[in-house]
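Numbering (the numbering used here), first residue to last: 404 to 822. Ideal Cβ positions, reconstructed from N, Cα and C, are used throughout, including at glycine.
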């Protein structure tokens with residue numbers, strides 16, 4: 404839920420509750436004031452009635468005048484106390500029930516107690532309350548409508564700098580050269596946010612550029628001395644004056660040098676993938692790519708006497724970086740060849756949705772969950788660097804592919820779901 408929607412919902416609900424409570428309190432207050440005013444008028448009539456009785460020693464005639472009714476009755480039971488009451492009476496003239504406010508009090512005339520009942524119509528009071536409620540409801544509804552449109556349009560305009568900053572952050576790409584151009588705003592909080600975002604993006608870009616330069620420099624500077632060492636060792640191996648033990652040590656050094664060179668290249672590749680330096684994407688025909696990779700490894704396959712069966716759909720197309728696709732399948736095929744048994748089998752199945760590579764091999768000695776971690780190897784004495792499947796995992800993660808490993812019937816099965 405968006406912040407603006409959440410704010411509007413909470414604000415409107417709180418406003419409605421506040422107006423409802425205020426309206427109810429206002430209704431009872433107005434009702435109380437109007438009833439109190441009506442009671443004051445009845446008290447005045449009571450005083451006039453008492454004064455009339457004192458002066459004339461008799462009761463006036465019962466009367467009905469406009470909205471006022473005066474009637475009398477003899478008290479025969481318990482003494483009567485003065486009281487006010489609201490009730491409804493049926494009007495024969497208008498054929499409906501009418502609200503009235505009534506005062507009942509005792510008077511003594513000629514040693515007899517009489518009950519005096521004076522009532523006034525409460526219709527005007529009720530009409531006035533209804534009119535006030537109608538006006539109040541209209542004001543409340545109008546206020547809510549105005550508040551809704553203010554929140555919808557004015558607040559949208561106020562939040563525009565924030566939304567613009569958020570949109571630019573979503574599109575921000577370290578590998579691109581696009582600089583953030585944040586909208587200037589007079590709102591202090593958004594201005595502070597934009598300043599912080601600019602400082603952060605500049606710092607991140609500088610750190611990324613420094614890391615990228617370091618990666619490229621490291622690749623060049625380390626590979627050059629390694630190549631020199633390797634070439635010198637190859638020259639030493641060809642020397643006829645070396646003893647057998649010396650040749651063995653030089654061979655060992657040569658192999659370590661090759662491993663170190665491969666390790667350097669793999670770590671640099673992982674760094675480049677982590678830094679998203681392979682951004683260019685295109686439609687890659689996986690069928691052609693897999694066949695090309697198999698041709699590249701014909702000699703290795705022949706040396707290891709591995710039997711390969713394939714079921715390849717030539718219409719399998721994915722959108723990804725072509726170099727990353729070649730690295731992905733190269734690592735998978737190399738892994739299946741190196742971790743196979745003598746005269747083993749490799750089965751490759753490629754459809755439009757997934758790639759499955761199965762190879763015979765020994766039981767897995769490590770936890771399958773750790774297989775795609777860096778420097779995790781099935782056999783600690785293996786010549787593998789333990790980075791091949793880690794690189795595969797990184798490429799799959801970056802392209803939203805789902806990779807899975809399983810072991811069944813002496814077959815290691817790696818599957819990649821493209822869609």
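Leaving out the 5 sequence neighbours to the left and right, which residues in its chain are closer than 7 Å to residue i when beta-carbon positions are compared?
i: residue 502; result: 489, 491, 525, 526 and 529
i: residue 494; result: 501
i: residue 535; result: 433
i: residue 453; result: 510
i: residue 725; result: 685 and 687
Just mark residue i as buried or exposed, buried being the case when its beta carbon has 16 or more other beta carbons within 10 Å.
i: residue 804; result: buried
i: residue 755; result: exposed
i: residue 531; result: exposed
i: residue 812; result: exposed
i: residue 662; result: exposed
i: residue 549; result: exposed
i: residue 421; result: exposed
i: residue 521; result: buried
i: residue 727; result: buried
i: residue 581; result: exposed
i: residue 447; result: exposed
i: residue 810; result: exposed
i: residue 424; result: exposed
i: residue 412; result: exposed
i: residue 484; result: exposed
i: residue 738; result: buried
i: residue 784; result: Low confidence applies to residue 784: its pLDDT is 44, below 50, so where it sits in the model is not reliable enough to give any reading.
i: residue 508; result: buried
i: residue 553; result: exposed
i: residue 706; result: exposed
Which first and last residues belong to the beta strand (DSSP E) in which residue i is found?
i: residue 687; result: 685–688
i: residue 718; result: Counting along the chain, residue 718 falls outside any beta strand (DSSP E), and DSSP gives it neither H nor E.
i: residue 806; result: 805–811
i: residue 533; result: From DSSP, residue 533 is part of no beta strand (DSSP E) but of the alpha helix (DSSP H) over 526–552.
i: residue 484; result: Element bounds for residue 484: n/a, residue is neither H nor E.
i: residue 463; result: Run containing residue 463: none; DSSP gives neither H nor E here.
i: residue 499; result: 499–512
i: residue 474; result: 471–477
i: residue 749; result: 748–753
i: residue 820; result: 814–820
Nearest to residue i by CA position, among the options, is which residue?
i: residue 458; options: 513, 689 and 410; result: 513
i: residue 733; options: 627, 649, 606 and 794; result: 794
i: residue 735; options: 722, 758, 723 and 765; result: 758
i: residue 427; options: 761, 583, 585 and 543; result: 543
i: residue 744; options: 709, 606, 807 and 553; result: 709
i: residue 591; options: 614, 418, 602 and 565; result: 565
i: residue 630; options: 617, 650, 608 and 664; result: 664
i: residue 618; options: 570, 674 and 595; result: 674
i: residue 551; options: 699, 408, 814 and 767; result: 408
i: residue 440; options: 523, 569 and 588; result: 523
i: residue 821; options: 814, 815, 809 and 801; result: 801
i: residue 473; options: 445, 541, 436 and 484; result: 445
i: residue 829; options: 699, 703 and 799; result: Any answer about residue 829 is impossible in this case: the structure gives the chain only from 404 up to 822.
i: residue 555; options: 706, 415 and 748; result: 415
i: residue 418; options: 546, 467, 515 and 616; result: 546
i: residue 481; options: 499, 517, 470 and 504; result: 517
Short of 8 Å in beta carbon distance, which residues of its chain neighbour residue i, apart from the five on each side in sequence? Order them along the chain.
i: residue 729; result: 692 and 696
i: residue 690; result: 715, 716, 717, 718, 719 and 753
i: residue 657; result: 633, 636, 637 and 640
i: residue 563; result: 586
i: residue 654; result: 640
i: residue 645; result: 639 and 653
i: residue 449; result: 485, 506, 508, 519 and 521
i: residue 711; result: 697, 704, 748, 749, 750 and 751
Taking the alpha helix (DSSP H) that residue i belongs to, which residues open and close that run?
i: residue 762; result: It is not in any alpha helix (DSSP H) - residue 762 instead sits in the beta strand (DSSP E) that spans 757–763.
i: residue 701; result: 701–706
i: residue 561; result: 558–561
i: residue 740; result: 725–741
Among the residues of its own chain, which have a CB less than 6 Å from the CB of residue i, if the five just before and after it don't count?
i: residue 632; result: 660
i: residue 751; result: 713 and 760
i: residue 742; result: 764
i: residue 487; result: 442 and 506
i: residue 817; result: 760 and 808
Quick check: does the Cβ of residue i come within less than 6 Å of any heavy atom belonging to the ligand NAD?
i: residue 416; result: Looking for the ligand NAD in the displayed structure turns up nothing, as the structure carries no ligands at all.
Is residue i close to chain D? Criterion is C-beta to C-beta, closer than 7 Å.
i: residue 542; result: Of the protein chains in the structure, only one exists, and it is not chain D.
Could you give the uninterrupted runs of the beta strand (DSSP E) lying entirely in the stretch 588–617, keeping only those of 3 residues or more?
none
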